[in-house]
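Take 146 as the starting number for the sequence shown in this note's numbering and just add one per residue. Backbone N, C-alpha and C define an ideal beta-carbon position, used for all residues, glycine too. Scroll down for the structure; my scribbles are underneath it.
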Amino acid sequence: MLNIFKPERHFINCVVFRLSKLRVLSLTNARNLEANDLKQVFFHLKHLSSLYVCICMGLNNDFVFFVVQYLKQEASKTSSARRLPLSLGICNTSVTNNINQLEPVASSFSFLNLTVVANPVI
Numbered sequence: 146m147l148n149i150f151k152p153e154r155h156f157i158n159c160v161v162f163r164l165s166k167l168r169v170l171s172l173t174n175a176r177n178l179e180a181n182d183l184k185q186v187f188f189h190l191k192h193l194s195s196l197y198v199c200i201c202m203g204l205n206n207d208f209v210f211f212v213v214q215y216l217k218q219e220a221s222k223t224s225s226a227r228r229l230p231l232s233l234g235i236c237n238t239s240v241t242n243n244i245n246q247l248e249p250v251a252s253s254f255s256f257l258n259l260t261v262v263a264n265p266v267i
């Protein structure tokens, strides 16, 4: 498990991506990160089974939809290193509070456990 307070893109690229077997990543006060930075986390950390992101307004519904699509593709592979369902916890982001009721998220419970907490109303 790795918890990073105020993560920067450079630190993620240079340090975190080298921890290829990392399973749990927590990013607190991630104001400087964008959705594309977090998409790279999924591409590089093939063993990641839990991601928690707090205070990242660059994270929106499109990121969650990307995660669902990425995990669907990964679940169809016979040799995936990732443990499913992946736990994704997000707090104070631009993700809407009703994301769990929207498709394709609503039908993805077999490979994604999404928890949205205390997001501002958009």
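For F208, three-class secondary structure by DSSP: Residue numbering aside, residue 208 sits at position 63 when the sequence shown is read from its first letter. F208: helix per DSSP, three-state reduction.
Is F150 helix, strand or coil by DSSP? As a working note, residue 150 is residue 5 in the sequence shown. In this structure, F150 counts as strand in the three-state DSSP scheme.
Going by DSSP, what residues sit across from I235 in a beta bridge? Counting from 1 along the sequence shown, the entry for residue 235 is found at position 90. Bridge partners of I235: V198, V261.
Under 8 Å between C-beta atoms of N181 and K151: The residue labelled residue 181 in the question sits at position 36 within the sequence shown. The residue labelled residue 151 in the question sits at position 6 within the sequence shown. In this structure, K151 does not lie closer than 8 Å to N181 by Cβ.
Would you be able to state if there are at least three C-beta pairs under 8 Å between the segment 159-175 and the segment 197-207? yes
Using CA atoms only, rank isn't needed, just tell me which of N206, E248, Y215 is closest to H189. Position 44 of the sequence shown, counted from the start, is the residue given in the question as residue 189. Considering only alpha carbons, the answer is Y215.
DSSP three-state call for V213: helix, strand or coil? The count along the sequence shown starts at 1 and reaches residue 213 at position 68. Here V213 sits in helix by DSSP.
Reducing DSSP to helix, strand and coil, say where S253 ends up. Here the question's residue 253 lines up with position 108 in the sequence shown. Coil.
Anticipated Cβ contact below 8 Å, I244 with L259, distance rounded: One-based indexing of the sequence shown puts residue 244 at position 99. One-based indexing of the sequence shown puts residue 259 at position 114. Sure, about 7 Å apart at Cβ, within 8 Å.
Strand pairing of T241, partner residues [DSSP]: What you label residue 241 is simply residue 96 of the sequence shown in a count that begins at 1. BP columns for T241 are empty, so no partner.
Specify the secondary structure class of V186 as computed by DSSP and reduced to three states. Here the question's residue 186 lines up with position 41 in the sequence shown. Correct three-state label for V186: helix.
Following the continuous beta strand (DSSP E) through V169, name the residue where it begins and the one where it ends. Translated into positions along the sequence shown, residue 169 becomes position 24. Its beta strand (DSSP E) spans residues 169-173.
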